[in-house]
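Q:
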Amino acid sequence: MKQVRYTALPRSGSRSVRSPQRKKPLLPTRYTLVLMLFWAFFMLYSLRVNLSVAIVAMVNLTALESALPPTIDPLLETCPRNVSQDPLPSSSRLATPDYVGEFNWDENTQGMILGAFFYGYVLTQLPGGRLAELIGAKWLLGCGILWTSVLSLVTPFAARVWGARGLALVRILQGLCEGVVFPSSMALLSHWAPKHERSRIISYNTIGTSMGTVVTLVVTGQFCSQQNGWPNVFYVFGGAGCIWFMFWALLVHERPESHPRISKHELNYIQNTRGYVAGHRGNLPWRAILTSSAVWSLAVTIFCGNYGFYFLLIDLPNYLSGVLHYKISNNGFQNALVHLSCSLSMLLLAPVADSLRKKRLCPTTRIRKSFQMVGLMGPAICLALVPWAGCDHMYVMTLLVAGMSLYAFTVGGQNPMPLDMAPNFAGTLMGITNGFGNLSGMAAPLITGWLIQHNDTLAQWRKLFLLASAIYSFGAVQFALFGSAELQPWAAPTDKVELFGDESAASDHEALHLT
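Mapping the sequence shown onto this note's numbering, position 397 (from 1) lands on 928, and the numbers just tick up by one.
1. Grouping DSSP H, G and I as helix and E and B as strand, with all else coil, what is His-811?
2. First and last residue of the alpha helix (DSSP H) that includes His-722?
3. Does any heavy atom of the ligand SAH sit closer than 7 Å to the C-beta of Ala-915?
4. If the criterion is Cβ atoms closer than 8 Å, does the pair Met-686 and Phe-765 meet it?
5. Roughly how far, in whole angstroms, is the beta-carbon of Ala-825 from the beta-carbon of Met-925, given that I think they are within contact range, below 8 Å?
6. Name the two residues that bound the continuous alpha helix (DSSP H) containing Asp-951.
7. Are Pro-732 and Met-877 closer than 8 Å when you measure CB to CB?
8. Taking 8 Å as the cut-off, does the stretch 640 to 647 touch the stretch 976 to 990 (at least 3 CB pairs, one atom from each stretch)?
9. If we count the other Cβ atoms within 10 Å of its Cβ and call it buried at 16 or more, is Met-928 buried or exposed?
10. Pick helix, strand or coil for Val-590, following the three-state DSSP scheme.
11. I'd like to confirm the pairing. Which residues does DSSP put opposite Phe-688 in its beta bridges?
12. Measuring alpha carbon to alpha carbon, tell me which of Cys-610, Phe-1005, Pro-882, Leu-677 ends up nearest Trp-775.
13. Within the continuous alpha helix (DSSP H) that includes Pro-918, where are the two ends?
14. Below 8 Å on the Cβ atoms is my contact criterion, and I expect Ala-939 with Cys-913 to pass it. Report the Cβ-Cβ distance as a whole number of Å.
15. Here's the rule: buried if 16 or more other CB atoms are within 10 angstroms of the residue's CB, otherwise exposed. What is Cys-893?
16. Please confirm whether Gln-903 and Thr-959 have their CB atoms less than 8 Å apart.
17. Given 8 Å as the limit, is there contact between the stretch 985 to 997 and the stretch 885 to 900, that is, 3 or more CB pairs closer than that?
18. Pull the bridge partners of Phe-634 from the DSSP assignment, please.
19. Between the stretch 820 to 840 and the stretch 994 to 1003, do three or more beta carbon pairs fall short of 8 Å?
20. Would you say Leu-937 and Val-917 are within 8 Å of each other, going by their C-beta atoms?
21. Would the beta-carbon of Leu-829 fall within 8 Å of that of Met-948?
22. For Trp-723, which residues from the same chain have a beta carbon less than 7 Å from its beta carbon, with the 5 sequence-adjacent residues on both sides left out?
23. Going by beta carbon distance, what residues of the same chain come within less than 6 Å of Val-712, once the five residues before and after it are set aside?
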């Protein structure tokens, strides 16, 4: 028979009371959720960005170059294929492409395909956030990634049988499925994340997106360097997403109050420090939200930050291939290096933002604005300098790595703000701001395709880098003027069930639960 251990409580009368002692978990329960969210966002971006490199192998670039107008000489308008003073290691030296694609899609068609994902993605942001608040976030988030994974498995079939339009349709459907994930995660974390851990916890999600990007770009580059190896990219990551869903279904719970294995100490800690008790959320104050300058300032700064991010994520592989003439295997590696720098920087910066807020060294809004200013103006300066680097590959890569390292400052800026501004409606607020912000995901590849159609030259790419720099700068300035991380009046608790936590409780429990 299984034995149950008991501990004696202090005597309050003539008889002692004995109760079962719950074994302390090796990892705080909320960090099991954080770990699963890390892998959720890893899969989210793996399934999103694999096409960015794969399309380079899918398209027959030789046929496209032969179709260039006679007035354009790509050998004079791009970097030379053989460079005697090559600053990169010998394993990364430039060479002629080592692949022959099977699709004759021009730059406009490629831009349409790469941007198709975001047509679906922006449509489900707001409904996803509100549904997560009303019916729960666990299954909404999990099924979003599951169905995206299933659609990844059919991507090669769609491209070969139905062509560009069929592939674009699959990408739109994937966007619809993924659109619920970010808002659902905010709704889920509104139950689980203590106030002074928000930047750190959300940074792990963001690092998941960066690591998913890094691994996917490297793996995709290796698969696509083999003739007809590109379909394996979609099979591998689609299968991995289905496996992730099984663990998500078993390990994740909607609220700490419903988790069967959470310790009493951790439950009390979360309830006392998340800022409110997650109960009745009330009617959504639509008018107040949609007329809030703070909400629109956040939406605009996300749009501007995302434009530069998606420009590099989606279009950088084409720049490295078409202008700098990287081999496809090295193309994936160099892209991964850019995003890896962002992940490592976030690991260092997120605890700094949390520490500043916990020690109350300055107001929350000032912390968010300072981090956001560096996170957008830094990349703006770096991208503005890229055109003047010309064909100096080491200089170009140094600027791109530096730019993404500075972009990591947004982990203490825009990323935690839905929880700061409206913890009761964090899912909806994330849906509104992230939905608007990801319109840039449609715009970036379309603008690139329009500018470089049959004219994939240094001069045209110079315009694209300067445009991204200007958009970054605008996002930083307007957020400094109009942004706010304070609890919004329309989001303040109106019912007695929702109570603000005791700040002292955080320090009482912190040593126990942050290890």
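Glycine included, C-beta positions come from ideal geometry on N, C-alpha and C. All values derive from a computational prediction rather than experimental measurement.
A: Put simply:
1. Residue 811 sits at position 280 when you count from the first residue of the sequence shown. With a pLDDT of 46 at His-811, under the threshold of 50, the modelled position of this residue cannot be trusted; read the value that follows with caution. Residue state, collapsed to three classes: coil.
2. The residue given as residue 722 occupies position 191 in the sequence shown. Its alpha helix (DSSP H) spans residues 712 to 723.
3. Because no ligand of any kind appears in the structure shown, any question about the ligand SAH cannot be addressed here.
4. The residue given as residue 686 occupies position 155 in the sequence shown. The residue given as residue 765 occupies position 234 in the sequence shown. The sequence given here places Thr at residue 686; Met does not occur at that position. Yes. Within cutoff.
5. Along the sequence shown, one-based indexing puts residue 825 at 294. Along the sequence shown, one-based indexing puts residue 925 at 394. Rounded, the Cβ-Cβ distance is 42 Å, inconsistent with contact.
6. Numbered from its first residue, the sequence shown carries residue 951 at position 420. Boundaries of the alpha helix (DSSP H) harbouring Asp-951: 948 to 952, taken from the DSSP string.
7. Translated into the one-based positions of the sequence shown, residue 732 becomes position 201. Translated into the one-based positions of the sequence shown, residue 877 becomes position 346. As written in the sequence, residue 732 is Ile, which differs from the Pro given in the question. Their beta carbons are not under 8 Å apart, which means Ile-732 does not touch Met-877 by this criterion.
8. yes
9. Numbered from its first residue, the sequence shown carries residue 928 at position 397. Buried, since its Cβ has 16 or more Cβ neighbours within 10 Å.
10. Indexing the sequence shown from 1 puts residue 590 at position 59. The answer is strand: DSSP assigns Val-590 an E or B state.
11. For this step, residue 688 is matched to residue 157 along the sequence shown. Paired residues: none, contrary to the question.
12. As a first step, residue 775 is located in the sequence shown; it is residue number 244 there, counting from the start. Of Cys-610, Phe-1005, Pro-882, Leu-677, the residue nearest in Cα terms is Leu-677.
13. The count along the sequence shown starts at 1 and reaches residue 918 at position 387. Unbroken alpha helix (DSSP H) run through Pro-918: 895 to 920.
14. By one-based count along the sequence shown, residue 939 stands at place 408. By one-based count along the sequence shown, residue 913 stands at place 382. About 13 Å; that fails the 8 Å criterion.
15. As a working mapping, residue 893 is identified with position 362 in the sequence shown. Classification for Cys-893: exposed.
16. Residue 903 sits at position 372 when you count from the first residue of the sequence shown. Residue 959 sits at position 428 when you count from the first residue of the sequence shown. Not closer than 8 Å, so no.
17. no
18. Indexing the sequence shown from 1 puts residue 634 at position 103. Paired residue(s): Val-590.
19. yes
20. As a first step, residue 937 is located in the sequence shown; it is residue number 406 there, counting from the start. As a first step, residue 917 is located in the sequence shown; it is residue number 386 there, counting from the start. Against a cut-off of 8 Å, the Cβ pair of Val-917 and Leu-937 comes out as no contact.
21. Walking along the sequence shown from the start, residue 829 turns up at place 298. Walking along the sequence shown from the start, residue 948 turns up at place 417. Yes, they are a contact pair.
22. For the purposes of this step, residue 723 is taken as residue 192 along the sequence shown, with counting starting at 1. Excluding residues within five positions, the ones whose Cβ falls inside 7 Å are Arg-561, Leu-564, Pro-787, Ile-801.
23. Sequence index remark: in the sequence shown, residue 712 carries index 181 (1-based). If we look at Val-712 and ignore the five residues flanking it on each side, its Cβ neighbours are Leu-575, Leu-672, Gly-675.
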